[in-house]
Amino acid sequence: MEFEGKVAWVTGGANGIGAGVARRLAGLGAQVVVADVDVDGGKAVADEVDGLFVLCDVSDPRHSEQAVAQAVEAFGGLDIAVLNAGIATGFGLGDDFDPDRYRRVMGINLDGVVYGVHAALPALKARGGGHIVATASMAGLMAMPMDPVYGANKAAVVGLVRALGPTLAGDGVTVNAVCPAFADTNIIAGFKEALESAGMPILTVDDVVDAYVAVLRSGGTGQCWYVQAGRPSEPFTFPNPPGPRTASGQRVTLHDPSQEG
Numbered sequence: 000m001e002f003e004g005k006v007a008w009v010t011g012g013a014n015g016i017g018a019g020v021a022r023r024l025a026g027l028g029a030q031v032v033v034a035d036v037d038v039d040g041g042k043a044v045a046d047e048v049d050g051l052f053v054l055c056d057v058s059d060p061r062h063s064e065q066a067v068a069q070a071v072e073a074f075g076g077l078d079i080a081v082l083n084a085g086i087a088t089g090f091g092l093g094d095d096f097d098p099d100r101y102r103r104v105m106g107i108n109l110d111g112v113v114y115g116v117h118a119a120l121p122a123l124k125a126r127g128g129g130h131i132v133a134t135a136s137m138a139g140l141m142a143m144p145m146d147p148v149y150g151a152n153k154a155a156v157v158g159l160v161r162a163l164g165p166t167l168a169g170d171g172v173t174v175n176a177v178c179p180a181f182a183d184t185n186i187i188a189g190f191k192e193a194l195e196s197a198g199m200p201i202l203t204v205d206d207v208v209d210a211y212v213a214v215l216r217s218g219g220t221g222q223c224w225y226v227q228a229g230r231p232s233e234p235f236t237f238p239n240p241p242g243p244r245t246a247s248g249q250r251v252t253l254h255d256p257s258q259e260g
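Take 0 as the starting number for the sequence shown in numbering that gives the first Met the number 0 and just add one per residue.
Here is the structure:
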């Protein structure tokens, strides 16, 4: 019971990867708060894992704050926040562009992570630290010509996680991302057959859930773990971009003054 005594909040927990993470963490001893806009599905998963369901639209910061408050009230605190809620885009920037759908997609896939981190931090710090794991995507690590808007919001999650890792390390809070390739979830339902016809391997939900557990066990922070068929998951190694140098040729490293003693 590796996570016995730990409390986990999982957004997008009614199905797919979120439901898989909820089941796995509960099986390893955690008490799980399942958060979703799908009431029937969310309640079913929560009942299955003997957890708590909370209605949560992650694009509304108040919903995330209320979900964390309910987790603390029900189970005494929060140790793990899995910010997984996400939706497919399904449009580009040409004639099919829809500003309202754009705001909705960004509100869930990016704002939902931002609001989730903001809501979870006080509760995690109150426990002396904890873990935040966000669902990004391989689309955040490489070009995604078939869905540039989805790639943009997932790349933003990657950048956020990389910046927050060192920022929150002093509080004992780790922040990481899981970046799956195409997994067998509702997001690929509309083009799954096309992927399979092209020979693209489809990850199972369990394949992706394994990576979440590996991230929680790793103790690292600011990392983005890729999940691809046929190879073990591990943190992606980002190449160093060219950066500013002093007149003597020394590389300039930026420090966060708020983290200095």
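Positions of the beta carbon are idealized from the N, C-alpha and C atoms, including for glycine. All figures in this text were calculated on a predicted structure; none of them were measured in a lab.
Asked	Found
Just tell me which of Val148, Ala142, Ala25 and Tyr114 has its CA closest to the CA of Asp46.	Ala25
Measure the beta-carbon distance from Ala155 to Leu82 and round it to whole angstroms, keeping in mind my assumption that it falls under 8 Å.	Rounded, the Cβ-Cβ distance is 13 Å, inconsistent with contact.
Using 8 Å for Cβ pairs, my map puts Asp99 next to Val6. What's the rounded Cβ distance?	Their Cβ separation, rounded to whole angstroms, is 36 Å, which puts Asp99 and Val6 out of contact at 8 Å.
State whether the segment 145-163 contacts the segment 89-96, with contact taken as three or more CB pairs (one from each stretch) at a distance under 8 Å.	yes
Pick out whichever of Arg244, Trp8 and Val214 has its Cα sitting closest to the Cα of Phe270.	Beyond the ends of the chain as shown, which are 0 and 260, falls residue 270; an answer cannot be given.
What do you reckon, are the CB atoms on Ala21 and Val38 nearer than 8 Å?	no
Give me the Cα-Cα distance between Thr203 and Cys223, rounded to the nearest whole angstrom.	19 Å
State yes or no: is the C-beta of Ile201 within less than 8 Å of the C-beta of Val172?	no
Assuming Asn239 is part of the alpha helix (DSSP H), what are its boundary residues?	Unbroken run through Asn239: none, as it is neither H nor E.
Going by DSSP, what residue range makes up the alpha helix (DSSP H) through Pro200?	Element bounds for Pro200: n/a, residue is neither H nor E.
Who are Cys55's beta bridge partners in DSSP?	Answer by DSSP bridge pairing: none, since Cys55 is not bridged.
Can you find the residues in the same chain that come closer than 7 Å, C-beta to C-beta, to Val226, ignoring five residues on each side of it along the sequence?	Val177, Cys178, Pro179, Ala180, Leu202, Asp206, Val207, Ala210 and Ser232
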